Every structure is written in C-alpha cells, then in structure tokens.
Amino acid sequence: MTSAAPDYDGLTGYEPISEADRKEFLDQGFLLVRNVLKEDHRAQLEAAMDRVYAEEKAAGSSSMKKDGTLHLLGFLTRDDLFGHLLTQPTLFPYMWGLAGWNIYTHHNHLDVTPPTSEEEPPSWGWHQDGYRQNSDPETMDPNLPRPMFSLKIAYVISDLSETGRGATKVIPGSHLWNSLPRPADTTVHNPDPEGTVEITANPGDCFIFDRRLWHSRSPNYSDVTRKMLFIGYTYRWIRNLDDMPIDYNSEWWANRTPVQRQLCGEATHTANHWGINWNGYIDEEIPLRKELKTRGLLDRSVPWLR
C-alpha cells in the first residue's frame, strides 16, 4: 500500500534539536516528546496496524500469542506509511542529532497488547536492550558505563495517558548503570525498583530511549488495547537484529528516499557501512552525511557529527 509522505507544515527532519533536549536525554536516558504525530497521520497508522494484526491472526502467526498479544519484528515493509516513519520529520532530528549520520534501523517491532482480566504470573522483566552488547564490550570497572550503541523511538498509537494500560516502565538515569539488583526470589511478585516511572502518554506522543536504559513492560489491566510502533537505530557497522526481507523490485522500495534506503541497510560496498571508502577516507556520498553536509549540519565538536 503506497501513500504520500505526511506533510508536517514544512518540517524537513533536519531541524537541529535543542541543547535542553540533548541534555535531558543524556542525563535521563530517555525523552518524552509530545504531539509528534498529527491526528490524521496517527489514525492512518492505527488502521495500517489493525490490518497487519488481522493478517497475522488469519495466518496463525508465530508472532502472536494465544491471548492475542502481537510482537511483530521487522514490520516496516508491511505498509508505505511505516516506511515514511524512518525519517519522520518531527523525530528524525533526534536520531542524527544523538547518534550521527552513520546509522540504520537494525530492529523494529509492531506491538499490540489487548487487555487481560487475569493477573499475570510473577516475573522479572527488567532489562537493557542489546543482548551481547551488554557483555562483549564490558569493562571490569563497574563505574564505567557501556557504550550506547543504539537508541529507539517508541510511537504511542493508542491512549496510554493513564497507568495500568501496559505502558513501558523505566528508571530515569539508569542507562549509566551496568547492573540492576535482582530479587532473590522471582517466583513471587516483587515491587518495582526504586525510581521506577511508568511512561504515560497520549496518542501521537512518543518517547526516545537509550538502549542501556533499564526498562520493563507492564501488564494491561485496562479496557484499552495498547498499540505501539518501535523503531531502533544503530550504527551501520553493527549487524541487523531483525529479519526484514526487502523486495528491491517492489513499489515500497521505489518509494524510499536515498536517506531512507540507507536507513534500511543499503550500502555501495562493505567499507561503506563503516563510513569510509576503501582508501580509508570518509565516504562523502553516504546519503545522510551528504544531506547533513549540504545543510551545514556537520559539527566537528560533536564526534558523531564529524
């Protein structure tokens, strides 16, 4: 299904973020951004999500649990609207502003969590994203935080303005912790760690978070179905996490801009993923770098924008 890129009143996605937003993200490990999606755009995304949900249910998808919960990886190619989100103009500045120009999406998922009337069994869901990224580059100094490596956008599609609707829980500032104390007995219900915040947000809001931020899902005991879209961005020299096959002869691919194609993993050669040509010098033709350079947005004082 094809669609024109939504109009956001002349925003290009290349408006630099404020220093206040940058500082809050670096201090807290996440940033809640209000009114990111216009209502008509949000409604179109929800309709696309509902269609994909129906298709997955009809196909008996392994991504869907018996209770109707859907956690679908690599969803971007399922609708042109999803592809446009790669460079959503109200949010894309945070991606290149916080991570730089040598990025792509390695991990994205569509989540639908229906209400449940049954109490969930005890569990301990607190974690950092990244799997082996939390072990392989580890140092022996517990006071030296691991590298960020990736960050994620969470688009709020349904109404999560009240607690108890399955929203994400986070511990602000915990992205600088390499560990989180774990209860001795996880077979019983344990209280959330001190400082926990449940991110309540309105439809059309979003939050951005550092993959190192300790976070957890929460149960949905409300009468509202939780609907979320997550898009993760990482460096192009890190392998993709999701299996997201792309039909390069499809209309979906033809509708992607050069920057969006980079964000889907396209490269001219393997060294290109590392930001260079084979001579060892920066590849000035990498689409996002070229765009930022043309707009005067590279900054040698910011390592990832050099």
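Just so we're aligned, residue 85 is where the sequence shown starts under this note's numbering, counting upward by one.
Backbone N, C-alpha and C define an ideal beta-carbon position, used for all residues, glycine too.
Bear in mind that the values here come from a model prediction, so they are computed numbers and not experimental data.
8 angstroms Cβ shell around residue i - same chain, five flanking residues per side excluded
i	result
Pro-267	Trp-208 and Asn-274
Glu-246	Thr-284 and Ser-306
Asp-326	Leu-157, Gly-158, His-190, His-191, Asn-192 and His-193
Beta bridge counterpart(s) of residue i as assigned by DSSP
i	result
His-193	Leu-157 and Phe-314
Val-117	Cys-290
Asn-304	Arg-249
Ile-187	Tyr-319
Leu-235	Asp-294 and Tyr-317
Ile-283	Looking at the DSSP assignment, Ile-283 forms no beta bridge with any residue, so it has no partner.
Ile-360	Ile-366
Met-148	Leu-154
His-273	Answer is none; His-273 lacks a bridge partner.
Between the CA atoms of residue j and residue i - distance to the nearest angstrom
i	j	result
Pro-198	Ile-315	21 angstroms
Asn-363	Trp-261	39 angstroms
Arg-320	Phe-233	10 angstroms
Glu-202	Ile-255	26 angstroms
Arg-104	Gly-380	Residue identity check: residue 104 is Ala in the sequence provided, not Arg. Looking at the two C-alpha atoms, the distance is approximately 21 angstroms.
Val-308	Ala-251	11 angstroms
Asp-367	His-357	10 angstroms
Ile-101	Lys-107	10 angstroms
Val-272	Pro-206	5 angstroms
Asp-391	Asp-124	The structure shown has nothing for residue 391, since the chain only spans 85 to 390.
Gly-248	Thr-171	31 angstroms
Val-386	Leu-182	10 angstroms
Val-343	Thr-270	45 angstroms
Glu-139	Arg-126	20 angstroms
Lys-374	Cys-290	28 angstroms
Ser-219	Ile-322	15 angstroms
7 angstroms Cβ shell around residue i - same chain, five flanking residues per side excluded
i	result
Asp-383	Leu-389
Met-179	Ile-187 and Tyr-317
Ala-89	His-168
Arg-340	Gly-167 and Cys-348
Trp-336	Thr-161, Asp-164 and Gly-167
Buried or exposed by the 16-neighbour rule on C-beta atoms within 10 Å, applied to residue i
i	result
Ser-302	buried
Asn-333	exposed
Trp-97	Per the sequence presented here, residue 97 reads as Gly, with Trp not at that position. So Gly-97 ends up on the buried side.
Own chain partners of residue i with C-beta closer than 6 angstroms, once the 5 adjacent residues on each side are dropped
i	result
Leu-121	Gly-288
Ala-355	Trp-362
Thr-153	Thr-197
Asn-286	Ser-245
**OP:** Taking 8 angstroms as the threshold, find out whether the region 154-167 comes into contact with the region 190-198 through three or more Cβ pairs.
**Re:** Contact holds: three or more Cβ-Cβ distances are below 8 angstroms.
Original post:
Taking one C-beta from the region 290-299 and one from the region 211-220 each time, how about it: are there three or more such pairs within less than 8 angstroms?
Top reply: Yes: at least three Cβ pairs fall under 8 angstroms.
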